[in-house]
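K.L.:
The numbering used here puts the sequence shown at residues 72 to 318.
Think of the CB as a built atom: it goes at the ideal place given N, C-alpha and C, for glycine as much as any other residue.
So that we are looking at the same thing, I have put the structure below in structure tokens.
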Amino acid sequence: MRREIIAGNWKMNFTADQTASFLKDVKAELGGLDKVVLFCVPYTDILAAVEAVKGTDIQIGAQNMHYEASGAYTGEISAEMLLEAGVTYVIIGHSERRSYYNETDEGVNKKVRRALEVGLNPIMCCGETLQQREEGVLKEVIRTQIVGGFAGIAAADAKKVIVAYEPIWAIGTGVTATDEQAEEMCAFIRQVLCELYGDVSEEISILYGGSVNEKNAKSLMSMPNIDGGLVGGASLKPSFVQVVNYE
Ligand code: PGA
Numbered sequence: 072m073r074r075e076i077i078a079g080n081w082k083m084n085f086t087a088d089q090t091a092s093f094l095k096d097v098k099a100e101l102g103g104l105d106k107v108v109l110f111c112v113p114y115t116d117i118l119a120a121v122e123a124v125k126g127t128d129i130q131i132g133a134q135n136m137h138y139e140a141s142g143a144y145t146g147e148i149s150a151e152m153l154l155e156a157g158v159t160y161v162i163i164g165h166s167e168r169r170s171y172y173n174e175t176d177e178g179v180n181k182k183v184r185r186a187l188e189v190g191l192n193p194i195m196c197c198g199e200t201l202q203q204r205e206e207g208v209l210k211e212v213i214r215t216q217i218v219g220g221f222a223g224i225a226a227a228d229a230k231k232v233i234v235a236y237e238p239i240w241a242i243g244t245g246v247t248a249t250d251e252q253a254e255e256m257c258a259f260i261r262q263v264l265c266e267l268y269g270d271v272s273e274e275i276s277i278l279y280g281g282s283v284n285e286k287n288a289k290s291l292m293s294m295p296n297i298d299g300g301l302v303g304g305a306s307l308k309p310s311f312v313q314v315v316n317y318e
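Okay, structure coming up:
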């Protein structure tokens with residue numbers, strides 16, 4: 072019933088030329104897909120990426136967008152621009168954006184709403200720092216991010232949002248959350264969504280992210296509340312094919 076999704080997050084890696092050659096190889100290896108597979112690429116790689124996956128079911132996503140339709144926002148990109156370029160998914164509120172660019176739950180919420188308005192699939196990220204986990208405020212932190220991120224979003228739209236739980240201490244560190252830690256938090260996120268939306272919470276895909284690779288994908292993805300992965304470093308390697316085909 073829920074969409075199963077494996078999303079690559081390239082972050083600031085690969086030029087357009089590298090994009091074309093990487094996706095050409097991956098596309099040949101992937102074959103028919105039984106789940107949603109996408110690559111969230113840098114803005115300047117979008118056109119090359121869309122071109123490279125033409126004729127396949129692979130989707131192309133962006134890593135950020137602005138919440139306004141247009142205007143005096145130097146350096147920014149709108150949801151409409153992404154849509155026109157062929158993008159179908161967009162990561163919103165990644166912890167790197169929250170920490171380096173001061174993104175707040177309020178800003179994340181504006182972006183999620185804007186993405187829904189134009190018909191992009193938002194992947195809304197949440198996650199705690201190691202310190203927050205150790206201090207025992209983990210669930211409060213996640214609850215605040217989820218409630219803030221979904222503010223003002225009706226149930227019919229809420230089910231189009233994909234949530235990515237990414238503990239910050241597991242991102243790019245090689246330290247993956249255990250299957251149980253990841254499941255506990257994805258189940259908690261679903262519980263908060265249930266408080267907000269009732270049964271609709273069962274239709275919302277929740278991904279785990281943080282050092283997912285071809286070795287740990289299978290056990291993480293088989294947890295009941297984990298519907299896929301947001302994959303950083305491992306999405307830049309040919310072995311990403313094994314992450315997708317983890318079964
Ligand atoms: P990682 O990154 O897989 O390299 O830990 C995940 C992410 O930041 O989305």
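1. Does residue 107 come out as helix, strand or coil in the three-state DSSP assignment?
2. Compare the beta carbon distance of residue 163 and residue 183 with 8 Å and say whether it is the shorter of the two.
3. Could you pull the start and end residues of the beta strand (DSSP E) that residue 280 belongs to?
4. Using C-beta distances below 7 Å, list every residue in its chain close to residue 344, excluding the 5 sequence neighbours before and after it, in chain order.
5. Run the CB neighbour count on residue 268, radius 10 Å, all protein chains shown included, and call it buried at 16 or more, exposed below.
6. Rounded to the nearest angstrom, what separates residue 179 and residue 138 at their Cα positions?
7. Taking 7 Å as the cut-off, does the CB of residue 243 come closer than this to any heavy atom belonging to ligand 1?
8. Only counting runs of 3 or more residues, tell me where the beta strand (DSSP E) segments fall wholly within the region 127 to 190, in order along the chain.
9. Taking 8 Å as the cut-off, decide whether the C-beta atoms of residue 158 and residue 194 are in contact.
10. Do residue 121 and ligand 1 come close, with the Cβ less than 7 Å from some heavy atom?
11. Consider the C-beta atom of residue 80 and the heavy atoms of ligand 1; say whether any pair is separated by less than 7 Å.
12. Excluding the 5 residues preceding and the 5 following residue 129 in the sequence, name in chain order all residues of the same chain whose CB lies nearer than 6 Å to its CB.
13. How many angstroms separate the CA atom of residue 90 from the CA atom of residue 116?
14. Straight-line CA distance for residue 241 to residue 228?
15. Is residue 315 near residue 282, with beta carbons less than 8 Å apart?
16. Hey, quick one: how far does the beta strand (DSSP E) through residue 236 stretch, first residue to last?
17. Is the Cβ of residue 302 closer than 8 Å to any Cβ of chain C?
18. Quick check: the Cα distance between residue 76 and residue 275, rounded to an integer number of angstroms?
19. For my contact list, residue 48 and residue 294 are in at a C-beta cut-off of 8 Å; report their separation, rounded to the angstrom.
20. Could you check what DSSP says for residue 76 in three-state terms: helix, strand or coil?
21. Inspect the beta-carbon positions of residue 302 and residue 79 and report whether they are closer than 8 Å.
22. Considering Cα atoms alone, identify which of 238, 135 and 83 is closest to residue 154.
23. Nearest-angstrom Cα distance between residue 123 and residue 232?
24. How many Å lie between residue 311 and residue 304 at the Cα?
P.N.:
In short, the structure shows the following:
1. Position 36 of the sequence shown, counted from the first residue, corresponds to residue 107. In the structure shown, residue 107 adopts extended strand secondary structure according to DSSP, grouped into three states.
2. Taking the first residue of the sequence shown as 1, we reach residue 163 at position 92. Taking the first residue of the sequence shown as 1, we reach residue 183 at position 112. A contact, by the Cβ cut-off of 8 Å.
3. Taking the first residue of the sequence shown as position 1, residue 280 is located at position 209. Per DSSP, the unbroken beta strand (DSSP E) holding residue 280 starts and ends at 277 to 280.
4. A question about residue 344 goes unanswered here, because the residues of the chain that appear run from 72 up to 318.
5. Position 197 of the sequence shown, counting from 1, holds the residue named residue 268. So residue 268 ends up on the buried side.
6. Translated into the one-based positions of the sequence shown, residue 179 becomes position 108. Translated into the one-based positions of the sequence shown, residue 138 becomes position 67. A straight-line Cα-Cα distance of about 9 Å links residue 179 and residue 138.
7. Mapped onto the sequence shown, residue 243 falls at position 172. In this structure, residue 243 has its beta carbon less than 7 Å from a heavy atom of ligand 1.
8. Here the runs fully enclosed are 130 to 133 and 160 to 163.
9. Residue 158 sits at position 87 when you count from the first residue of the sequence shown. Residue 194 sits at position 123 when you count from the first residue of the sequence shown. Contact: no.
10. By one-based count along the sequence shown, residue 121 stands at place 50. It does not: the Cβ of residue 121 is nowhere closer than 7 Å to a heavy atom of ligand 1.
11. Here residue 80 refers to the residue found at position 9 of the sequence shown. Yes; taking the cut-off as 7 Å, the Cβ of residue 80 has a heavy atom of ligand 1 nearer than that.
12. In the sequence shown, the residue the question calls residue 129 occupies position 58. Excluding five sequence positions before and after residue 129, the CB atoms of its chain that fall closer than 6 Å to its own CB belong to 108, given in chain order.
13. Translated into positions along the sequence shown, residue 90 becomes position 19. Translated into positions along the sequence shown, residue 116 becomes position 45. Distance between the alpha carbons of residue 90 and residue 116 is about 7 Å.
14. For this step, residue 241 is matched to residue 170 along the sequence shown. For this step, residue 228 is matched to residue 157 along the sequence shown. Between the C-alpha atoms of residue 241 and residue 228 there is a straight-line separation of about 30 Å.
15. Residue numbering aside, residue 315 sits at position 244 when the sequence shown is read from its first letter. Residue numbering aside, residue 282 sits at position 211 when the sequence shown is read from its first letter. Annotated as distal: residue 315 and residue 282, with beta-carbon spacing of 8 Å or more.
16. Counting from one through the sequence shown, the residue named residue 236 turns up at place 165. Bounds of the beta strand (DSSP E) holding residue 236 are 233 to 236.
17. Note that chain C does not occur in the displayed structure, where there is just one protein chain.
18. For this step, residue 76 is matched to residue 5 along the sequence shown. For this step, residue 275 is matched to residue 204 along the sequence shown. Inter-residue distance for residue 76 and residue 275 is about 11 Å (C-alpha atoms, whole angstroms).
19. The first residue shown for the chain is 72 and the last is 318, placing residue 48 beyond what the model contains.
20. Along the sequence shown, one-based indexing puts residue 76 at 5. Residue state, collapsed to three classes: strand.
21. In the sequence shown, residue 302 corresponds to position 231, counting from 1. In the sequence shown, residue 79 corresponds to position 8, counting from 1. Against a cut-off of 8 Å, the Cβ pair of residue 79 and residue 302 comes out as a contact.
22. Along the sequence shown, read from residue 1 onward, the residue named residue 154 stands at position 83. When each option's Cα is compared against that of residue 154, the closest is 135.
23. Here residue 123 corresponds to residue number 52 of the sequence shown, with the count starting at 1. Here residue 232 corresponds to residue number 161 of the sequence shown, with the count starting at 1. Residue 123 and residue 232: Cα-Cα distance of roughly 26 Å.
24. Numbered from its first residue, the sequence shown carries residue 311 at position 240. Numbered from its first residue, the sequence shown carries residue 304 at position 233. Cα-Cα distance, rounded: 9 Å.
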